[in-house]
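Trainee:
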Amino acid sequence: MAEDSSRAFVKDVKRIVIKVGTAVVTRNDGRLALGRLGALCEQIKELNSQGYEIILVSSGAVGLGRQRLRYRRLVNSSFADLQKPQVELDGKACAAVGQNSLMALYDTLFSELDISSAQLLVTDSDFRDRDFRKQLNETVKSLLSLKVIPIFNENDAVSTRKAPYEDSSGIFWDNDSLAALLALELKADLLVLLSDVEGLYSGPPSDPKSKLIHTYVKEKHQGEITFGDKSRVGRGGMTAKVKAAVNAAYAGIPVVITSGSAPENIIRVLQGQQIGTLFHQDAHLWEPNKEVGAREMAVAARDSSRRLQALSSQERKKILLDIADALEANEKLITVENEADVAAAQQAGYEKSLISRLALKPGKIASLAKSIRVLANMEDPISRVLKKTQLADGLILEKTSSPLGVLLIVFESRPDALVQIASLAIRSGNGLLLKGGKEAKRSNAILHKVITEAIPDIVGGKVIGLVTSRDEIPDLLKLDDVIDLVIPRGSNKLVSQIKNSTKIPVLGHADGICHVYVDKSANMDMAKRVVLDAKIDYPAACNAMETLLVHKDLVTNGALNELIVDLRIQGVTLYGGPRASLLLNIPQARSFHHEYNSMECTVEIVDDVAAAINHIHHHGRHPMDMNRLLLFCSAHTDCIVTEDQETAEIFLHQVDSAAVFHNASTRFCDGARFGLGAEVGISTSRIHARGPVGVEGLLTTRWILKGSGQVVDGDKGVIYTHKDIPINS
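Mapping of the sequence shown onto my numbering: residues 1 to 729, in sequence order.
Right, dumping it as C-alpha cells:
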C-alpha cells in the first residue's frame with residue numbers, strides 16, 4: 001500500500017515549481033554545465049507541451065558572475081598585479097553580472113526549443129507587500145496562459161539581506177525557501193528541488209553506509225539523518241532543501257528532491273516512478289507495518305491497555321475526540337484507499353452485497369466521527385461503582401465496572417466496523433486486536449494508521465493492533481492466557497470455525513434473519529412504511545428484513561397485494577414459502593434460513609400471532625445443527641406491526657430474539673441508534689451480552705474491599721451485617 005499511495009498524488013498535478021540549484025547549473029570547476037541545462041530545458045519543453053504549467057526557480061547567478069569577473073580581471077591584469085594578494089570579488093556585483101548571463105543562456109536554450117521565458121527577480125521584502133503578492137499572482141497567471149516559462153531568482157544584487165541569512169525576520173533565506181514560498185503563494189501542485197545527488201540520504205552520500213530515503217517521514221527521519229557538508233557552491237545545500245521541503249509538504253504541497261543530472265527525472269516523477277525523496281503531509285500514514293508476532297502483538301495490546309486505564313476520564317475522552325478530528329482531516333486519503341478496495345472487489349467479481357458493505361459512502365466518515373464524539377461525551381464506564389455493601393462494621397465492599405482486557409475482533413467486509421470497534425475499545429479501556437477481510441485491506445490499513453497516530457505516546461498505538469496475515473489467526477486463537485474475548489463478525493461459518501478453534505470465550509454474531517410480522521389489525525399505511533424501510537433502507541445490513549410474515553386475513557382484504565406491489569415497485573425480488581408461493585405465483589424460497597443481504601426477501605402467510613412466533617422460533621435456527629443454539633440460532637431482530645396491544649404484548653414477550661420491536665423498523669437495531677455511541681456488533685449469543693454490544697458489553701466487574709485491619713480468624717470476631725448502602729456515600 002505504501003508504494004501505491006506515496007506516488008498516487010501525481011495524477012492531480014498541473015502546476016509545478018522546479019528549483020535548480022547552483023550545483024546543477026555549474027560544473028565542479030565553476031563553469032556552466034551546458035549539457036545538464038540543455039537536458040533540463042528539453043524536459044520543461046516536453047512538460048509544457050503536455051499541458052503542465054512550469055515555474056522555474058534558478059540559482060547560479062552569483063557563481064556564474066564570479067567566474068566571468070575573475071576571467072575579466074585576469075585578462076586585464078599585469079604580471080605585477082597578479083603577484084599581489086587578490087581581493088575577493090563583491091558578491092552583489094557578481095550577482096548582477098551573473099544574472100544577466102544566466103538569463104541570456106536560458107533565453108537561448110528555450111528559443112532553440114521554440115519556448116518563451118520571462119525573468120522575475122524578487123527580494124525578501126517584496127513579499128511583505130500584499131499588493132506585490134497580488135500582482136505577482138496575476139503576472140504569473142498571465143505568463144502561464146501564454147505558455148511562457150517564468151524564471152525566478154532572488155535579486156541578490158540589490159537585496160538588503162546580510163549573512164547570516166536565516167533569522168526570525170526573514171520570509172525566505174535562499175532559493176530553496178524561495179521556491180517553497182512561491183509554491184505556496186502560486187498554489188502549485190508539486191515542488192521539485194533539483195540537486196547534485198539522487199535525493200536525501202541517511203548520511204553523507206559519499207558514505208557507503210548511507211541509504212537513499214524514498215519517502216521522508218518527519219517523525220522517523222528527523223533525528224536519524226546525518227547531513228554532510230554544505231553545498232560546494234551557492235548558499236543552501238541539502239539541509240536547506242530538507243527544511244524547505246518539510247515546510248512546503250506540511251502546508252499541503254508535495255515535494256520531491258531528486259538529481260538534476262539524471263536525464264528525464266522530472267518526467268519520471270510525474271509518471272509515478274519512485275525517483276528521489278518524496279515529502280508529503282501524509283507520508284507518516286504510508287509507513288509499512290512492522291511484522292510482529294501474534295503473542296508479541298497481544299502482549300503489547302495488554303500493556304498499552306493498562307496505561308490507557310491509568311489515564312483520567314478526561315484524558316481518555318480527549319483521545320476519542322482527537323481520533324474523530326483525525327478521521328475528518330484524513331477523509332480524502334481514506335476515500336482514495338477505500339475506492340481502490342471497492343474497485344479491486346468489483347474486478348474480482350465479489351457479490352454486490354459485500355461490495356455495498358465495503359464501500360464508505362459519502363458522509364460516512366462524518367457520521368463515524370459524530371458517533372465517536374457522542375461516545376466520548378458519555379459517562380465514563382470504567383471503575384463505576386455498581387453496588388456498595390457493608391459486610392461488617394468498617395468493612396465496605398464495592399462492585400465496580402472493569403475492562404475485559406484484550407479483545408480479538410475478526411470481521412468481514414466492513415471497514416467502518418474497525419472505527420466503531422476501535423473507539424469502543426478506547427472508551428472501555430480494552431486492548432484490541434483487529435483482523436479484517438482481505439477485500440478491505442487498504443481501507444483497514446489507512447483507518448488503523450489514522451486512529452493509532454491520534455493516540456498519545458503515553459498509551460502507544462499498540463493498544464490497537466491490526467492483524468494483516470491470515471496465518472496469524474490460528475496463533476492468536478491459542479493465546480487464552482493473553483486474549484480475553486473473541487468477537488467474530490460475519491457468517492455462521494466464520495463463527496463456527498473460530499468457536500471450534502479456541503478456548504477463549506467467543507461472543508457469537510450469527511446471521512441476521514430478521515422477520516417483520518404484519519398482523520390482521522395493523523394500520524396498513526404504517527405497515528407499508530415499516531416493511532419498506534426494513535428491507536430497502538440498507539439491504540446489506542444484518543438488521544434488514546429477510547422474511548415478511550403476513551396474517552392470512554390480509555390476503556382476502558387485498559392488503560397483502562398492496563404490500564407486494566410496493567415491494568416490487570422498489571425493485572425487491574420476492575420468494576415465497578409454501579403458502580405464499582402458490583397463492584402469489586412467485587418462486588419458492590430455497591430455505592427460510594437464508595440471509596439475502598440484498599434487494600430480495602421471503603414472504604409467507606401465517607394463521608395468527610402464535611403461528612408467526614412459532615415460525616420465527618423454528619426457522620430462526622440452522623437446520624444442519626439444531627443443537628447448537630448459541631451459535632446457530634439467528635434470533636437477531638423481529639418486529640410486529642399491529643394496533644392490537646394484547647397481540648403486541650404476546651409477541652414482545654414470547655419471541656426469543658435479541659431485539660423485539662412493535663411498530664418500528666428492524667433497522668433501529670443498531671448501537672448508534674440505541675444511543676450506545678457505537679457497537680462491536682449485534683450479539684445473538686445468550687451469555688454475557690446480547691443485541692447491540694456497546695461499551696457495557698466490553699466490561700466485566702471487579703470487587704473492591706476496603707477495611708481497617710479486619711481478619712477472618714474462623715469468623716470469630718466478625719459480625720456480618722451485609723447491608724446495602726448508597727453508592728455515593
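Beta carbons: idealized from backbone N, C-alpha and C, even for Gly.
Determine the burial state of residue 348: buried for a count of at least 16 other Cβ atoms within 10 Å of its Cβ, exposed for fewer.
Mentor: Exposed is the call here.
Trainee: Taking just the CA atoms, how far does residue 98 sit from residue 41?
Mentor: Distance between the alpha carbons of residue 41 and residue 98: 19 Å.
Trainee: Which of the three DSSP states is assigned to residue 219 in this structure?
Mentor: The answer is helix: DSSP assigns residue 219 an H, G or I state.
Trainee: Whole-angstrom Cβ separation of residue 498 and residue 410, contact assumed at under 8 Å?
Mentor: 6 Å between Cβ atoms; contact.
Trainee: Residue 65 to residue 340, Cα distance in whole Å?
Mentor: Answer to the nearest angstrom: the Cα atoms are 52 Å apart.
Trainee: Can you tell me whether residue 495 is helix, strand or coil according to DSSP?
Mentor: Residue 495 falls in the helix class under three-state DSSP.
Trainee: Can you name, in chain order, every residue of its own chain whose Cβ lies under 6 Å from the Cβ of residue 665, other than the five neighbours on each side?
Mentor: Closer than 6 Å at Cβ, skipping near neighbours: 530, 533, 534.
Trainee: Do you know how far the Cα of residue 477 is from the Cα of residue 250?
Mentor: Cα to Cα, the separation comes out at about 42 Å.
Trainee: Rounded to whole angstroms, what's the CA-CA distance from residue 294 to residue 353? Just pull it up for me.
Mentor: For residue 294 and residue 353, the distance between alpha carbons rounds to 31 Å.
Trainee: Tell me the rounded alpha-carbon separation between residue 241 and residue 11.
Mentor: Approximately 24 Å between the Cα atoms of the pair.
Trainee: Identify the continuous alpha helix (DSSP H) that holds residue 357 and give its terminal residues.
Mentor: Unbroken alpha helix (DSSP H) run through residue 357: 352–358.
Trainee: Among 460, 615, 261, which has the Cα closest to the Cα of residue 39?
Mentor: When only C-alpha atoms are compared, the closest one is 261.
Trainee: Could you give the residue range of the alpha helix (DSSP H) that holds residue 153?
Mentor: First-last for residue 153: 149–154, but that is the beta strand (DSSP E), not the alpha helix (DSSP H).
Trainee: Please give the ranges of any alpha helix (DSSP H) in the segment 580–667, keeping only runs that are unbroken, at least 4 residues long and fully inside the region.
Mentor: With a minimum length of 4 residues, the continuous alpha helix (DSSP H) runs that stay inside the segment 580–667 are 609–619, 629–632, 645–654.
Trainee: I need the boundaries of the alpha helix (DSSP H) containing residue 309, first residue and last residue.
Mentor: Residues 294–310.
Trainee: Note down the Cα distance separating residue 417 from residue 701, rounded to an integer number of angstroms.
Mentor: Roughly 26 Å between the two C-alpha positions.
Trainee: Can you check which of these residues, 199, 523, 709, is closest to residue 396 by C-alpha distance?
Mentor: Closest by alpha carbon: 709.
Trainee: With DSSP as the reference, label residue 489 as helix, strand or coil.
Mentor: Reduced to three states, the DSSP call for residue 489 is strand.
Trainee: Helix or strand or just coil, what does DSSP make of residue 258?
Mentor: In this structure, residue 258 counts as strand in the three-state DSSP scheme.
Trainee: What is the rounded straight-line gap between the Cα of residue 472 and the Cα of residue 441?
Mentor: Roughly 15 Å separates the two Cα atoms.
Trainee: Going by C-alpha distance, which of 686, 318, 298, 706 is nearest residue 406?
Mentor: The option with the nearest alpha carbon to residue 406 is 298.
Trainee: Please name the residue or residues paired with residue 398 in a DSSP beta bridge.
Mentor: BP columns for residue 398 point to 388, 704.
Trainee: Apart from the five residues just before and just after residue 574, which ones in its own chain have a Cβ nearer than 6 Å to its Cβ?
Mentor: Around residue 574: 586, 603.
Trainee: What does a CB cutoff of less than 6 Å around residue 157 pick up in its chain, not counting 5 residues either side in sequence?
Mentor: 92, 95, 96.
Trainee: Can residue 355 and residue 447 be called in contact, C-beta distance under 9 Å?
Mentor: No, Cβ-Cβ distance for residue 355 and residue 447 is not below 9 Å.
Trainee: Using only alpha-carbon positions, find the residue among 109, 459, 717 that is nearest to residue 318.
Mentor: Taking only the C-alpha atoms, the option nearest residue 318 is 459.
Trainee: If I measure Cβ to Cβ from residue 164 and keep anything under 8 Å in the same chain, skipping five residues before and after, which residues do I get?
Mentor: Residue placement at residue 164 cannot be trusted, given a pLDDT of 44 that sits under 50; what the coordinates show is reported in the next sentence. Same-chain partners within the cutoff: there are none.
Trainee: With a floor of 3 residues, list each beta strand (DSSP E) that falls wholly inside the segment 399–483, ordered by position along the chain.
Mentor: DSSP runs (the beta strand (DSSP E)) wholly in the segment 399–483: 406–411, 431–435, 464–466.
Trainee: I think residue 265 touches residue 147, with their Cβ atoms under 8 Å apart; what is that distance to the nearest whole Å?
Mentor: With 8 Å as the limit, residue 265 and residue 147 do not qualify as a contact, their Cβ atoms being about 22 Å apart.
Trainee: Would the segment 319–332 count as touching the segment 363–377 if we require 3 or more Cβ pairs under 8 Å?
Mentor: Yes: at least three Cβ pairs fall under 8 Å.
Trainee: Whole angstroms are fine: how far does the CA of residue 679 sit from the CA of residue 131?
Mentor: Roughly 55 Å between the two C-alpha positions.
Trainee: Starting from residue 38, trace the alpha helix (DSSP H) in both directions and tell me its first and last residue.
Mentor: Here the alpha helix (DSSP H) through residue 38 covers 34–49.
Trainee: Run through DSSP, which three-state label would residue 541 get?
Mentor: It is coil, neither helix nor strand.
Trainee: How would you call residue 114, buried or exposed, if buried means at least 16 neighbouring beta carbons within 10 angstroms?
Mentor: With fewer than 16 other Cβ atoms within 10 Å, it is exposed.
Trainee: DSSP state of residue 699, grouped into three classes?
Mentor: Here residue 699 sits in strand by DSSP.
Trainee: Any idea what DSSP makes of residue 209, helix, strand or coil?
Mentor: The answer is coil: DSSP assigns residue 209 none of H, G, I, E or B.
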